[in-house]
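Peer 1:
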Amino acid sequence: MKLYNTLSGRLEEFVPADADEVKMYVCGVTPYSSTHVGHALSYVVFDTLRRYLEYTGYKVRHVQNFTDVDDKIIQRAQESGVSEDDLVDEFIGDYFHAMDALNIQRAAEYPRATREIPRILDAIAGLIDRGHAYPAAGDVYFRVTSKDDYGKLSHRTLDSMIAGARIQVDENKEHPMDFVLWKGAKPGEPSWESPWGPGRPGWHIECTAMSLEYLGEQLDIHGGGQDLVFPHHENEIAQSECYTGAKPFSRYWMHNGLLQLGSDKMSKSLGNLVSVADALEEFTPDAMRLYFLSSHYRSPLAYSDEGAAAVERSLERVRHALTPGNGSGPQVDAAEHRARFTAAMEDDLNTPQAVAVLFDLARDINRGRDAGQSIDDGQSTLRELGDVLGLTFAERVSSASELAAAPFIDLLVSVRTELRAARQFALADQIRDSLAEQGVALEDSAQGTQWQYQSPS
RNA sequence: GGCGACGUAGCCAAGUGGACUAAGGCGGAGGUCUGCAAAACCUCUAUUCGGCGGUUCGAAUCCGCCCGUCGCCUCCA
């Protein structure tokens with residue numbers, strides 16, 4: 531399969547170092563606030579990549595970290611009067627709840643920075659030994675001038691970075707772009723002992739230490755949002771390659787485009803967040819996944835309720851294609867659909883085209899059913915391909931109050947059936963209209979009347 | 001200021017030199033079915049790809065300029 535590699539800036543044929551197992555590291559969240567739909571987009575993308583790789587026969591070892599110590603966590607914990615640990619546990623719980631709901635497969639390991647301190651200290655000490663880092667006033671900094679290809683991922687030079695002129699000059703640093711590996715403790719902050727005094731790890735070094743610990747010196751795929759390219763991933767490369775000497779640190783770097791809300795990026799600092807929990811109040815997990823996958827992963831995606839609602843409607847036809855058929859004619863042939871689907875996925879995970887194939891297949895199944903064809907081959911292919919995209923095709927889950935109302939709706943429907951049999955259509959239609967106002971949709975067919983709650987739209 | 005991405009139908013969104021007389025979805029119009037609906041199915045819905053030049057036998061696709069939108073350069077998926 532071809533993948534776009536941020537490092538080279540072009541499409542490359544994907545070949546893992548070890549043909550049996552793909553080593554994939556995806557940057558995880560800093561758990562200090564609710565998981566939002568921007569996170570969901572990113573993790574749906576990498577979950578879909580993993581599912582496709584597994585579909586084509588690879589084993590994938592997926593590792594994803596939690597940055598469980600950081601300025602924001604400390605600040606948030608102090609504001610709300612809880613311990614850092616409790617705060618982190620709460621939002622890690624929120625994260626897993628959201629990811630499970632979205633049918634995102636769990637990683638093999640979820641290392642946490644605070645539980646990897648010895649590995650982190652080893653890495654920092656090694657970098658100092660090799661002349662790539664230096665202690666200064668309780669901190670330890672990475673010496674960017676010691677790596678001649680620093681900037682190769684984000685495709686910029688040290689000079690152009692400085693030209694940005696938004697860097698806080700710090701007199702402890704040898705070079706303005708040097709970044710912190712170890713932060714000396716300030717009063718009241720969580721800290722760990724180190725050869726350079728008490729402190730905590732910088733953001734970038736944890737990923738170096740954890741990927742090394744759980745995946746080894748070289749990764750096949752390193753993923754994350756495009757906002758992580760610089761400085762986070764650039765710095766990871768610098769640390770990892772200087773520490774291990776193994777190049778490249780990751781063979782492929784993949785970055786998803788960021789979710790936008792209105793015209794702005796959705797981000798914690800802008801405060802324009804839609805949480806996954808809120809989104810799932812209104813829309814099915816399938817709709818969220820399909821929404822994310824209906825544009826290419828490297829493009830930005832503008833999130834809106836209208837957009838999600840349109841996707842939700844589009845799913846109904848696909849779900850209909852999976853309802854039982856009773857045709858006995860020739861099977862609807864789905865082999866060509868599978869081939870087109872695979873070709874799309876092979877092309878840098880072109881999920882918009884893959885999704886289009888799913889819609890084509892659903893239409894062919896529905897058409898075949900109308901024509902009296904057998905549709906079970908088509909249906910099993912539809913489920914198989916849908917599963918690669920993580921789609922379950924499950925209906926919306928009814929709330930407790932909706933379940934409680936069901937017997938009464940059944941009663942009204944059976945009364946209406948009697949009325950229709952007696953050709954009392956005005957009354958029958960009145961019942962149907964009234965139920966529609968309550969969000970209950972009726973469908974009459976030769977097999978009787980079906981009803982369901984309408985998804986909000 | 002530096003680096004980069006993008007601009008395709010009312011909306012979302014693929015396609016990046018010739019099979020494009022431009023996928024797929026939403027919305028809209030008409031039809032089949034139905035007591036009427038709904039759902040499903042059928043047909044139609046961009047002679048055109050931000051604008052202007054250029055390269056080419058041929059451009060949505062390559063080059064230049066202009067206009068517009070967005071991202072990164074600072075915590076972020």
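All residue numbers for the first sequence refer to this note's numbering, where the first residue is 531 and numbers rise by one.
Cβ atoms here follow ideal geometry from the backbone N, Cα and C, with glycine treated the same way.
Quantities reported herein were computed from a predicted structural model and do not represent experimental measurements.
I'd like the span of the beta strand (DSSP E) that includes Phe709, first residue to last.
Peer 2: Mapped onto the first sequence, residue 709 falls at position 179. Counting along the chain, the beta strand (DSSP E) containing Phe709 begins and ends at Phe709 to Gly714.
Peer 1: Considering just the uninterrupted stretch of the beta strand (DSSP E) at Leu749, what are its terminal residues?
Peer 2: Taking the first sequence and counting its residues from 1, the one referred to as residue 749 is at position 219. Going by DSSP, Leu749 is part of the beta strand (DSSP E) stretching over Leu749 to Gly755.
Peer 1: From the DSSP output, read off the bridge partner residues of His785.
Peer 2: The residue given as residue 785 occupies position 255 in the first sequence. Gly754, per the DSSP bridge assignment.
Peer 1: Please report the distance separating the alpha-carbon of Gly859 from that of Thr922.
Peer 2: Indexing the first sequence from 1 puts residue 859 at position 329. Indexing the first sequence from 1 puts residue 922 at position 392. The straight-line gap from Cα to Cα measures roughly 27 Å.
Peer 1: Kindly list the residues whose CB is nearer than 8 Å to the CB of Gly857, restricted to its own chain and excluding five residues on each side of it in sequence; keep chain order.
Peer 2: For the purposes of this step, residue 857 is identified with residue 327 of the first sequence, where counting begins at 1. Only Gly898, Arg899, Ala901, Gly902, Gln903, Ser904 and Ile905 meet the Cβ criterion.
Peer 1: What would DSSP say about Ala817, mapped onto helix, strand or coil?
Peer 2: Looking up residue 817 in the first sequence gives position 287. Looking at Ala817 - three-state DSSP - the assignment turns out to be helix.
Peer 1: Starting from the N-terminal side, write out each stretch of the alpha helix (DSSP H) that is 4 residues or longer and does not extend beyond the stretch 880-937.
Peer 2: The stretch 880-937 contains these whole alpha helix (DSSP H) runs: 881-900 and 906-918.
Peer 1: Quick one, are the C-beta atoms of Phe760 and Leu820 less than 9 Å apart?
Peer 2: Your numbering for residue 760 matches position 230 in the first sequence. Your numbering for residue 820 matches position 290 in the first sequence. By the CB criterion at 9 Å, Phe760 and Leu820 fall outside the cutoff.
Peer 1: Measure from the alpha carbon of Trp733 to the alpha carbon of each residue in Leu789, Leu688, Tyr671 and Asp678, then state which is nearest.
Peer 2: In the first sequence, counting from the first residue as 1, residue 733 sits at position 203. Looking at the Cα atoms, Tyr671 is the closest of the given residues.
Peer 1: Under 9 Å between the Cβ atoms of Val841 and Ser829?
Peer 2: Residue numbering aside, residue 841 sits at position 311 when the first sequence is read from its first letter. Residue numbering aside, residue 829 sits at position 299 when the first sequence is read from its first letter. No, Cβ-Cβ distance for Val841 and Ser829 is not below 9 Å.
Peer 1: So, helix, strand or coil for Arg730, using DSSP?
Peer 2: Looking up residue 730 in the first sequence gives position 200. Correct three-state label for Arg730: strand.
Peer 1: Arg843: buried (16+ other C-beta within 10 angstroms of its C-beta) or exposed?
Peer 2: Within the first sequence, numbered from 1, the residue matching residue 843 stands at position 313. With fewer than 16 Cβ atoms within 10 Å of its Cβ, Arg843 is classed as exposed.
Peer 1: Helix, strand or coil for Arg870, going by three-state DSSP, please let me know.
Peer 2: The sequence position of residue 870 within the first sequence is 340, counting from 1. Note: Arg870 maps to helix in three-state DSSP.
Peer 1: Can you tell me whether DSSP reads Val545 as helix, strand or coil?
Peer 2: Position 15 of the first sequence, counted from the first residue, corresponds to residue 545. Val545: coil per DSSP, three-state reduction.
Peer 1: Let me know the secondary structure DSSP gives Ser770 once reduced to three states.
Peer 2: As a first step, residue 770 is located in the first sequence; it is residue number 240 there, counting from the start. In the structure shown, Ser770 sits in a helix (DSSP, three-state: H, G or I).
Peer 1: For the beta strand (DSSP E) that Val556 lies in, which residues bound it at each end?
Peer 2: Locating residue 556 in the first sequence gives position 26, counting from the first residue. Element bounds for Val556: Glu551 to Val556.
Peer 1: Check this for me: beta carbons of Leu965 and Trp981, under 9 Å apart or not?
Peer 2: The count along the first sequence starts at 1 and reaches residue 965 at position 435. The count along the first sequence starts at 1 and reaches residue 981 at position 451. Cβ atoms of Leu965 and Trp981: closer than 9 Å.
Peer 1: At the level of alpha carbons, what is the spacing between Asp615 and Arg581?
Peer 2: Taking the first residue of the first sequence as position 1, residue 615 is located at position 85. Taking the first residue of the first sequence as position 1, residue 581 is located at position 51. About 33 Å.
Peer 1: Cα-Cα, which of Ile961, Arg893, Asp652 and Ser613 is closest to Val862?
Peer 2: Counted from its first residue, the first sequence places residue 862 at position 332. It is Arg893.
Peer 1: Please classify Val943 as buried or exposed, where buried requires at least 16 neighbouring CB atoms within 10 angstroms.
Peer 2: Here residue 943 is taken as the residue at index 413 of the first sequence, counted from 1. Result: buried.
Peer 1: Taking the Cβ atom as the reference point for each residue, do Ser805 and Ala628 lie within a distance shorter than 9 Å?
Peer 2: The sequence position of residue 805 within the first sequence is 275, counting from 1. The sequence position of residue 628 within the first sequence is 98, counting from 1. Yes, the Cβ-Cβ distance between Ser805 and Ala628 is below 9 Å.
Peer 1: Assuming Ala549 contacts Gln748 (C-beta within less than 8 Å), just tell me the rounded distance between them.
Peer 2: If you number the first sequence from 1, residue 549 lands on position 19. If you number the first sequence from 1, residue 748 lands on position 218. The Cβ separation is near 15 Å, so there is no contact.
Peer 1: Hey, would you say Arg606 sits closer than 9 Å to Ser564, going by beta carbons?
Peer 2: Counting from 1 along the first sequence, the entry for residue 606 is found at position 76. Counting from 1 along the first sequence, the entry for residue 564 is found at position 34. Cβ distance not < 9 Å, so Arg606 and Ser564 don't count as in contact.
Peer 1: Take Arg870 and list the residues in its own chain whose beta-carbon comes closer than 7 Å to its own, dropping the five residues that flank it on each side.
Peer 2: By 1-based counting over the first sequence, the position of residue 870 is 340. Closer than 7 Å at the Cβ level, and outside the excluded window around Arg870, lie Val887.
Peer 1: Quick check on this structure: which residue in Gly623, Ala655 and Glu866 has the alpha carbon closest to the alpha carbon of Ser774?
Peer 2: One-based indexing of the first sequence puts residue 774 at position 244. Residue identity check: residue 774 is Thr in the sequence provided, not Ser. Answer by Cα proximity: Ala655.
Peer 1: Alpha carbon to alpha carbon, how far is Val927 from Leu831?
Peer 2: One-based indexing of the first sequence puts residue 927 at position 397. One-based indexing of the first sequence puts residue 831 at position 301. Val927 and Leu831: Cα-Cα distance of roughly 27 Å.
Peer 1: DSSP three-state call for Asp669: helix, strand or coil?
Peer 2: Start at 1 with the first residue of the first sequence, and residue 669 comes out as number 139. It is a strand residue.
Peer 1: Nearest CA to the CA of Asp598: which residue from Ile622, Asp689, Met707 and Glu764?
Peer 2: Taking the first residue of the first sequence as 1, we reach residue 598 at position 68. Ranking Ile622, Asp689, Met707 and Glu764 by Cα distance to Asp598 puts Ile622 first.
Peer 1: Please give the ranges of any beta strand (DSSP E) in the stretch 947-985, keeping only runs that are unbroken, at least 3 residues long and fully inside the region.
Peer 2: You should have 970-975 and 978-983.
Peer 1: When burial is assigned at 16 or more other CB atoms within 10 Å of the CB, is His995 buried or exposed?
Peer 2: Outside the modelled stretch of the chain, which goes from 531 to 987, sits residue 995, for which no answer is possible.
Peer 1: Apply the 10 Å Cβ neighbour rule to Ala924 and answer buried if 16 or more other Cβ atoms are within range, or exposed otherwise.
Peer 2: Here residue 924 corresponds to residue number 394 of the first sequence, with the count starting at 1. Result: exposed.
Peer 1: According to DSSP, simplified to helix, strand and coil, what is Leu791?
Peer 2: By 1-based counting over the first sequence, the position of residue 791 is 261. Of the three classes helix, strand and coil, the one that applies to Leu791 here is strand, per DSSP.
Peer 1: Which residues in the same chain as Glu932 place their Cβ atom closer than 8 Å to its Cβ, once the five residues preceding and following it in sequence are excluded?
Peer 2: Residue mapping note: residue 932 aligns to position 402 of the first sequence, counting from 1. The answer, listed in chain order, is Tyr983.
Peer 1: Just to check my reading of the structure: Ile751 and Val552 have Cβ atoms closer than 8 Å, yes? What is that Cβ distance to the nearest angstrom?
Peer 2: Within the first sequence, the letter at position 221 stands for residue 751. Within the first sequence, the letter at position 22 stands for residue 552. With 8 Å as the limit, Ile751 and Val552 qualify as a contact, their Cβ atoms being about 7 Å apart.
Peer 1: Is it buried or exposed, Gln968, if we count other Cβ atoms within 10 angstroms and call 16 or more buried?
Peer 2: Numbered from 1 along the first sequence, position 438 holds the residue referred to as residue 968. Answer is exposed; the Cβ neighbour count stays below 16.
Peer 1: Can you grab the Cα-Cα spacing for the pair Asp669 / Lys777, in whole Å?
Peer 2: What you label residue 669 is simply residue 139 of the first sequence in a count that begins at 1. What you label residue 777 is simply residue 247 of the first sequence in a count that begins at 1. Taking the straight line from one Cα to the other gives about 27 Å.
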